[in-house]
Amino acid sequence: MDIDANARQRLAERLAGEITLSEDTGATLRKWRTDFEISQTELADRLDISSSVISDYESGRRTNPGSDIIHRFVEGMLAIDERRGGSRIRQHARVLSSGFDREVVHELKEYPATIDLDRYYETIGARELVRGREDTIAGHTIIDSIAAITRLSSEEFYRLYGQSANRALVFSGVTRGESPLVAMRVVNPTPNVVVLQGIDRADVWEHATDLARVDGFSLAVLETDLETTLRRHRELP
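Going by the UniProt record's numbering, the sequence shown opens with residue 1, and the numbers climb by one from there.
Here it is in structure tokens:
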């Protein structure tokens, strides 16, 4: 599948803008490079520079890279991803096209076909607390729980579903799960499964399972950190 040139350009502008305006440019450069799963050596080879130069910028030993250098870094990362098939560009383009930024949506993905809920749990390492009405999903959306709950209306919540409510809605950075479960009460229809990331089963809000049963969706917990959560979700079709 060809990569949409306009989507690629919007993503390039978004990355360059975030890096340029960051208070820690080196850390932001590293964040995007690791997000695209590109090594310093691979990026250096693409840019025809020494990997130590990239290391120096990311560590802060070289400060204040100019716009030309940032542009080269961004274009290098996008070019490497295109050579691999463009999966990261498409993932981020979907988030941009949904109208949300990375402060709210970490990832939004549609699957080419539905997958069993048990397979989904096994891939990401989740533990189910409640089984809902449906046993399959056709996509997932991973969102920042605080940003989503404090900033989004019920209509915007529904837009998080992408093409279908037949999906997993993963709330990251959860402490008890109270706010996400209450938020689900005003969303219609509900997703097939809600996953609370970053929380142990014993710490889940005592009424969470009751609300999931009332609204008919599956509820699961995921103890892994966000980086691992994203990586495991990217293993899904």
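Here a beta-carbon is modelled for each residue, glycine too, at the ideal position from N, C-alpha and C.
Which residue comes first and which comes last in the beta strand (DSSP E) that contains residue 256? It is not possible to answer for residue 256, since the shown part of the chain is limited to 1 through 237.
Tell me the start and end of each unbroken alpha helix (DSSP H) in the segment 197–235 that is at least 4 residues and wholly inside, in chain order. 208–215, 226–233
Mind checking whether R151 and V104 have CB atoms under 8 angstroms apart? The residue you call residue 151 lines up with position 151 of the sequence shown. The residue you call residue 104 lines up with position 104 of the sequence shown. Going by C-beta atoms, R151 is nearer than 8 angstroms to V104.
Identify whether R127 lies in helix, strand or coil by the three-state DSSP scheme. Here residue 127 corresponds to residue number 127 of the sequence shown, with the count starting at 1. The answer is strand: DSSP assigns R127 an E or B state.
Less than 7 angstroms between C-beta atoms, sequence neighbours within five positions excluded: which residues of the same chain meet that for A138? Translated into the one-based positions of the sequence shown, residue 138 becomes position 138. Closer than 7 angstroms at the Cβ level, and outside the excluded window around A138, lie E110, Y111, T114, S164, N166, R167.
How big is the Cα-Cα spacing for Y161 and S154? One-based indexing of the sequence shown puts residue 161 at position 161. One-based indexing of the sequence shown puts residue 154 at position 154. Roughly 12 angstroms between the two C-alpha positions.
With burial defined as no fewer than 16 other Cβ atoms inside 10 Å of the residue's Cβ, what is the status of M1: buried or exposed? Residue mapping note: residue 1 aligns to position 1 of the sequence shown, counting from 1. A caution first: M1 carries a pLDDT of 49, below 50, which makes its placement in the model too unreliable to give a value.
How far does the alpha helix (DSSP H) with P189 in it reach, from first residue to last? Here residue 189 corresponds to residue number 189 of the sequence shown, with the count starting at 1. Counting along the chain, P189 falls outside any alpha helix (DSSP H), and DSSP gives it neither H nor E.
Measuring CB atoms only, is the segment 114–131 touching the segment 175–191, in the sense that at least three cross pairs come out at less than 8 angstroms? no
Runs of beta strand (DSSP E) wholly within the segment 6–76 (minimum 3 residues, chain order): none
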